[in-house]
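Enquirer:
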Amino acid sequence: MAPDGTRLTLRRPDDWHAHFRSGAMLRLVTPHHARVFGRAIAMPNLVLPVTTTAIAKEYIAEFNKLSLSHFSPLLTCYLTDSTDADDLAHGFAEKIFAAAKLYPAHATTNSAHGVTNVRNIYPVLERMQKIGMPLLVHGEVTDPVVDIFDREKIFIEKILSPLLRDFPELKIVMEHITTADAVDFGNAQNGNIGATITAHHLLLNRNDMLVGGIRPHYYCLPIIKRARHQAALRAAATSGKPWFFLGTDSAPHPRGSKESACGCAGVYTGHIALELYAEVFDAEDALDQFENFASINGAKFYGLPVNEETITLVKQPQKVPAQFTADDGTILIPFRAGETALWSIA
37 MAPDGTRLTL RRPDDWHAHF RSGAMLRLVT PHHARVFGRA IAMPNLVLPV TTTAIAKEYI
97 AEFNKLSLSH FSPLLTCYLT DSTDADDLAH GFAEKIFAAA KLYPAHATTN SAHGVTNVRN
157 IYPVLERMQK IGMPLLVHGE VTDPVVDIFD REKIFIEKIL SPLLRDFPEL KIVMEHITTA
217 DAVDFGNAQN GNIGATITAH HLLLNRNDML VGGIRPHYYC LPIIKRARHQ AALRAAATSG
277 KPWFFLGTDS APHPRGSKES ACGCAGVYTG HIALELYAEV FDAEDALDQF ENFASINGAK
337 FYGLPVNEET ITLVKQPQKV PAQFTADDGT ILIPFRAGET ALWSIA
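For the sequence shown, my numbering gives the first residue as 37, with consecutive numbering after it.
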């Protein structure tokens, strides 16, 4: 249905990049996602990473205990230098894995087991290209001499461009893009690769994180960039181009792990993710493109059917809880804690 400015009905959306963790945190945050999303790509960087089909089966059992029949987590395999291509292909054929995730070693949370050199996994990528399995990429180099604000740009130049040349038929998603460079690169491929964009990178730039005091709950990787990059992301998300789609990168951490001398990277938006995106599209006068971005583009890129159910948003403020508490007592501070979101679910 067409938006009327205060009410918007769209096909139930999907989240093509989300972190659920495990145990008590998974039990806390998964219902937040299931409230609005039909499916979500579940990231595999757990304390025990999801590196094999057997581990993936154990992880999916955690979700199944929640009995959220209308919500489907889509598991990904955490690639390592020693990933077994046969096991990976088996997991994909059995629909246990929807994709595989490339973390450069030490690029982000729980990525110490990641790939040390992308050429180490070329045989695996060759197999993935053959069977049509998507590769999801955390697009940052980890060379300590590269400025943290330039790591995405350098990754595109040094790693992603050669990867596309060597595997021209490999389906690739640039995860949580944060720069105008990534937007331009995605547009230049004309649909050969996809890109997810988070709500927090659309809503924030680095001034929001650093001016007037450091806000640890805005710290994430890839890190929030300059205002010009934020503007490029907003233009991309609202453009209607089918290779840009919703991926929250919602990443819960205990309060103590965020508010510490060396805080963890991750912004938790899963509680109001769709409402935050609606705020951006409304501000950009692009609500007519919201269903494409949230509900259609990602499904088509992954070769999956769009959801038939619908969900309705209303332009009605809601107060965001100051915190959430897991069943083991862990406290989670959400995005806009104690503040207001401008849209709500009807």
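We treat Cβ as the ideally placed atom computed from N, Cα and C, and that holds for glycine.
If I measure Cβ to Cβ from Gly276 and keep anything under 6 Å in the same chain, skipping five residues before and after, which residues do I get?
Expert: Gln325, Asn328
Enquirer: Quick check on Ser286: does DSSP put it in helix, strand or coil?
Expert: strand
Enquirer: Roughly how many angstroms separate the alpha carbons of Asp71 and Gly150, rounded to a whole number?
Expert: Note on residue identity: the sequence assigns Arg, not Asp, to residue 71. One C-alpha to the other measures close to 32 Å.
Enquirer: Going by C-alpha distance, which of Thr116, Asp321, Glu130, Arg372 is nearest Val154?
Expert: Thr116
Enquirer: To the nearest angstrom, report how far apart Ala38 and Thr348 are at their CA atoms.
Expert: Summary for Ala38: the model assigns pLDDT 47, below 50, so the residue's position carries little reliability; its value from the coordinates is reported in the next sentence. The alpha-carbon atoms of Ala38 and Thr348 are separated by roughly 11 Å.
Enquirer: Taking contact to mean 3 or more Cβ pairs, one atom from each stretch, closer than 8 Å, check whether the region 102-119 and the region 209-229 are in contact.
Expert: no
Enquirer: Shortest alpha-carbon distance to Leu312 belongs to which of Phe371, Asp202, His289, Ala297?
Expert: Phe371
Enquirer: Would you kindly check if the distance between the Cβ of Ile208 and the Cβ of Lys294 is under 8 Å?
Expert: no
Enquirer: Here's the rule: buried if 16 or more other CB atoms are within 10 angstroms of the residue's CB, otherwise exposed. What is Thr234?
Expert: buried
Enquirer: Tell me whether Gly230 sits in a helix, a strand or coil according to DSSP, three-state version.
Expert: strand
Enquirer: Which residue's Cα is closest to the Cα of Pro85: Asp123, Ile96, His68, Asn146?
Expert: Asn146
Enquirer: With a threshold of 7 Å on Cβ separation, who are the neighbours of Met164 within its own chain once the five nearest residues in sequence on each side are excluded?
Expert: Here the set comprises Ala136, Leu171, Leu206.
Enquirer: Expressed to the nearest angstrom, what Euclidean distance is found between the alpha-carbon atoms of Pro67 and Gln266?
Expert: 29 Å
Enquirer: For Ile213, which option in Ala272, Arg201, Leu199 has the closest C-alpha, if you only look at C-alpha atoms?
Expert: Ala272
Enquirer: Since Thr29 sits in a beta bridge, which residues does DSSP pair it with?
Expert: Shown here, the chain extends from 37 to 382; a query on residue 29 therefore has no answer.
Enquirer: Mind checking Cys298: buried by the 16 CB within 10 Å criterion, or exposed?
Expert: exposed
Enquirer: Quick one: what's got a C-beta closer than 8 Å to Val356's C-beta in the same chain, skipping five residues either side?
Expert: His307, Ile308, Pro370, Phe371, Arg372, Ala373, Gly374, Glu375, Thr376, Ala377
Enquirer: Quick check on Thr376: does DSSP put it in helix, strand or coil?
Expert: strand
Enquirer: Under the rule that 16 or more other beta-carbon atoms within 10 Å means buried, what is Asn343, buried or exposed?
Expert: buried
Enquirer: Quick one: using the 10 Å Cβ neighbour count with 16 as the cut-off for buried, is Tyr338 buried or exposed?
Expert: Tyr338 comes out buried.
Enquirer: With a 10 Å radius around its C-beta and 16 neighbouring C-beta atoms as the bar for buried, classify His69 as buried or exposed.
Expert: Counting C-beta atoms within 10 angstroms of its own C-beta, His69 has 16 or more neighbours from the protein chains shown and is therefore classed as buried.
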